[in-house]
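Under the UniProt record's numbering, the letters of the sequence shown match residues 1 to 311, in that order.
Here a beta-carbon is modelled for each residue, glycine too, at the ideal position from N, C-alpha and C.
One structure is given here, and the rest of the page talks about it.
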Amino acid sequence: MSCFASPSWDVDFSSEKLNKQLFGNVRKKKSQDGKKKLVAGKQPKSALQRKQNQLKSKESGLKKKQALSKIIKHTNEQPYSLLDKSAPKKKKKKSKLKQVYSNNLIPHRFLNEQMYTTEGREIHKYFKNYPDAFYAYHEGYKQQIAQWPLNPLDVIINTLKKKPPALVIADFGCGDARLSRLLPNVVHSFDVVGLTEDVTVCDMAHTPLPSDSVDVAVFCLSLMGTNLVDYIMEANRVLKQDGILKIAEVESRFDNIDNFINHLQKFGFTKLHKDVSHDLFCFMDFKKKSVPGKKNKLPVINLRACFYKKR
């Protein structure tokens with residue numbers, strides 16, 4: 001064939017790069033006769049278009065990184081509950097206590113502060129649903145006790161050991177029911193979670209005990225929550241006439257201990273004993289002399305929340 005002859009366009013191009021240069025992105029298509037032929041696809045992008053696409057890609061990648069960073073930050077601040085292995089779902093608005101407690105990674109210090117500043121029935125409901133949180137709280141509580149120069153429960157136990165073993169005792173906020181284990185008396189142990197089989201789980205403002213059924217009621221570091229009036233009224237209800245109410249508390253929780261004692265007189269109690277000789281705790285004994293009047297006629301009892309320092 002002459003070098004000036006017209007070329008035939010059924011030439012087999014062996015170079016894919018050459019195909020793209022001539023036709024853009026090329027795809028093979030079968031013709032009606034069954035033979036494959038080349039069909040031009042999209043034209044190659046210009047340098048400006050490529051540059052614009054690169055910028056868009058970088059911008060998209062940056063947005064993804066920023067979004068991921070926010071998710072990681074939120075996860076670190078609000079880790080998922082140990083009780084819920086799946087990601088949290090959108091639910092109705094929860095109470096402050098439930099929002100905070102639903103994460104069992106929160107330390108004892110924070111749980112303790114919330115228990116002082118929340119109504120007792122809400123505390124009871126939460127720990128009923130998340131008992132593991134109470135176990136974690138109690139472990140932290142035991143570590144805290146180990147640092148104290150004195151365990152106030154030991155003082156109460158030693159005092160009650162000198163009393164007749166026939167006395168029936170109600171332990172409000174019993175924890176692991178140590179009082180029950182170390183005394184020969186019949187001891188009714190109450191708390192929001194049963195750490196042992198001896199514990200009756202309930203809201204301490206509403207125990208299952210009959211009225212006038214116990215000789216001694218004990219509150220050892222358990223006047224927690226914002227409804228202390230309900231606890232004192234319940235103690236009066238279950239105590240027999242002339243029954244004894246024993247209270248051990250952190251002394252710094254009282255604005256004025258004498259005012260607290262005067263308030264309890266309005267609940268039908270008279271003071272028998274007050275001991276503030278210890279550096280950290282105070283101990284008080286009262287005797288039931290009468291039944292209190294209506295709740296709305298009684299004074300409000302407020303104690304300071306006990307906040308542990310951050311270590």
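- Query: When the distance is taken between beta carbons, is valine 218 closer than 7 Å to histidine 124?
  - Reply: Residue 124 sits at position 124 when you count from the first residue of the sequence shown. Residue 218 sits at position 218 when you count from the first residue of the sequence shown. Contact: no.
- Distance between beta carbons of threonine 196 and histidine 188, contact taken as under 8 Å: For the purposes of this step, residue 188 is identified with residue 188 of the sequence shown, where counting begins at 1. For the purposes of this step, residue 196 is identified with residue 196 of the sequence shown, where counting begins at 1. Actually they do not touch by this definition, with Cβ atoms about 13 Å apart.
- Query: serine 189 lies in the alpha helix (DSSP H); which residues open and close that run?
  - Reply: Position 189 of the sequence shown, counting from 1, holds the residue named residue 189. Here serine 189 belongs to no alpha helix (DSSP H); instead the beta strand (DSSP E) covers 186-191.
- Nonlocal neighbours in the same chain, by C-beta distance under 8 Å from glycine 268, ignoring five residues either side: Locating residue 268 in the sequence shown gives position 268, where the first residue counts as 1. The answer, listed in chain order, is Asn236, Lys288, Lys289, Ser290, Val291, Pro292.
- Inspect the beta-carbon positions of isoleucine 145 and asparagine 151 and report whether they are closer than 7 Å. Taking the sequence shown and counting its residues from 1, one reaches residue 145 at position 145. Taking the sequence shown and counting its residues from 1, one reaches residue 151 at position 151. Closer than 7 Å, so yes.
- For leucine 97, the three-state DSSP class (helix, strand or coil): As a working mapping, residue 97 is identified with position 97 in the sequence shown. Caution applies to leucine 97, whose pLDDT of 47 falls short of 50 and renders its modelled position unreliable; the value that the coordinates give is listed next. The three-state secondary structure of leucine 97, taken from DSSP, is helix.
- Message: Going by DSSP, what residue range makes up the beta strand (DSSP E) through lysine 161?
- Response: Position 161 of the sequence shown, counting from 1, holds the residue named residue 161. First-last for lysine 161: undefined, no H or E at that position.
- Any idea what DSSP makes of valine 291, helix, strand or coil? Locating residue 291 in the sequence shown gives position 291, counting from the first residue. Coil at valine 291, not helix or strand.
- Could you name the residues that DSSP lists as bridge partners for histidine 273? The residue given as residue 273 occupies position 273 in the sequence shown. Histidine 273 is bridged to Asp285.
- Query: Going by DSSP, what residues sit across from leucine 153 in a beta bridge?
  - Reply: Start at 1 with the first residue of the sequence shown, and residue 153 comes out as number 153. Looking at the DSSP assignment, leucine 153 forms no beta bridge with any residue, so it has no partner.
- Query: Excluding five sequence neighbours on each side, which residues of the same chain lie with their C-beta closer than 6 Å to the C-beta of aspartate 230?
  - Reply: Taking the sequence shown and counting its residues from 1, the one referred to as residue 230 is at position 230. Within the same chain, aspartate 230 has close Cβ partners Ala205.
- Item | Residue environment, valine 276, which counts as buried when at least 16 other CB atoms sit within 10 Å | Within the sequence shown, residue 276 is the residue found at index 276, counting from 1. Result: exposed.
- Since I believe glycine 225 is in contact with methionine 115 (beta carbons under 8 Å), could you give me their beta-carbon distance rounded to a whole number of angstroms? In the sequence shown, residue 115 corresponds to position 115, counting from 1. In the sequence shown, residue 225 corresponds to position 225, counting from 1. Yes, they are in contact, since the Cβ atoms of methionine 115 and glycine 225 sit about 7 Å apart, within 8 Å.
- Message: Would the region 129-137 count as touching the region 167-178 if we require 3 or more Cβ pairs under 8 Å?
- Response: no
- Message: For the alpha helix (DSSP H) containing aspartate 230, name the first residue and the last one.
- Response: The residue given as residue 230 occupies position 230 in the sequence shown. Segment 228-238, the alpha helix (DSSP H) holding aspartate 230.
- Item | Length of the line joining the Cα atoms of leucine 264 and isoleucine 244 | Mapped onto the sequence shown, residue 264 falls at position 264. Mapped onto the sequence shown, residue 244 falls at position 244. Near 13 Å, if we compare the C-alpha coordinates of isoleucine 244 and leucine 264.
- Message: Taking the straight line between their C-alpha atoms, what separation do you get for aspartate 198 and alanine 177?
- Response: Here residue 198 is taken as the residue at index 198 of the sequence shown, counted from 1. Here residue 177 is taken as the residue at index 177 of the sequence shown, counted from 1. The alpha-carbon atoms of aspartate 198 and alanine 177 are separated by roughly 7 Å.
- Go to alanine 146, then tell me how far its alpha helix (DSSP H) extends in each direction, as first and last residue. Residue 146 sits at position 146 when you count from the first residue of the sequence shown. 131-146 is the extent of the alpha helix (DSSP H) around alanine 146.
- Task: Find out if the Cβ-Cβ distance for the pair valine 168, valine 214 is shorter than 7 Å.
- Result: Taking the sequence shown and counting its residues from 1, one reaches residue 168 at position 168. Taking the sequence shown and counting its residues from 1, one reaches residue 214 at position 214. Yes, they are a contact pair.
- Query: Between lysine 240 and aspartate 285, which are expected to be in contact by the criterion C-beta below 8 Å, what is the C-beta distance as a whole number of angstroms?
  - Reply: Reading the sequence shown from its first residue, position 240 is the one you call residue 240. Reading the sequence shown from its first residue, position 285 is the one you call residue 285. With 8 Å as the limit, lysine 240 and aspartate 285 do not qualify as a contact, their Cβ atoms being about 15 Å apart.
- Item | Other residues of its chain near serine 180: CB distance less than 6 Å, five sequence neighbours each side excluded | Locating residue 180 in the sequence shown gives position 180, where the first residue counts as 1. Around serine 180: Val187, Ser189, Asp198.
- Query: Can you tell which of His278, Pro164, Ile232 has the C-alpha that lies nearest to the C-alpha of lysine 295?
  - Reply: The count along the sequence shown starts at 1 and reaches residue 295 at position 295. Cα-wise, what sits closest to lysine 295 is Ile232.
- Query: Sorted by chain position, which residues of the same chain lie with C-beta nearer than 6 Å to residue 319's C-beta, five sequence neighbours on each side aside?
  - Reply: Residue 319 falls outside the range modelled here, since the chain spans only 1 to 311, and no answer is possible.
- Message: Can you give me the C-alpha to C-alpha distance between asparagine 259 and aspartate 154, rounded to a whole angstrom?
- Response: Here residue 259 refers to the residue found at position 259 of the sequence shown. Here residue 154 refers to the residue found at position 154 of the sequence shown. Cα to Cα, asparagine 259 sits roughly 26 Å from aspartate 154.
- Item | Whole-Å CB distance - leucine 183 paired with leucine 209, under 8 Å assumed | In the sequence shown, counting from the first residue as 1, residue 183 sits at position 183. In the sequence shown, counting from the first residue as 1, residue 209 sits at position 209. Actually they do not touch by this definition, with Cβ atoms about 17 Å apart.
- Query: Quick one: Cα of lysine 271 to Cα of tyrosine 130, how far?
  - Reply: The residue labelled residue 271 in the question sits at position 271 within the sequence shown. The residue labelled residue 130 in the question sits at position 130 within the sequence shown. In this structure, the straight-line span from the alpha carbon of lysine 271 to that of tyrosine 130 is close to 38 Å.
- Message: Only counting the same chain, and skipping five residues up and downstream in sequence, which positions put a Cβ closer than 6 Å to that of proline 165?
- Response: As a working note, residue 165 is residue 165 in the sequence shown. Pro184, Asn185, listed in sequence order.
- Quick one: is arginine 304 buried, meaning 16 or more other Cβ sit within 10 Å of its Cβ, or exposed? Within the sequence shown, numbered from 1, the residue matching residue 304 stands at position 304. Answer is exposed; the Cβ neighbour count stays below 16.
- Message: To the nearest angstrom, how far is the alpha carbon of leucine 280 from that of isoleucine 261?
- Response: Along the sequence shown, read from residue 1 onward, the residue named residue 280 stands at position 280. Along the sequence shown, read from residue 1 onward, the residue named residue 261 stands at position 261. One C-alpha to the other measures close to 18 Å.
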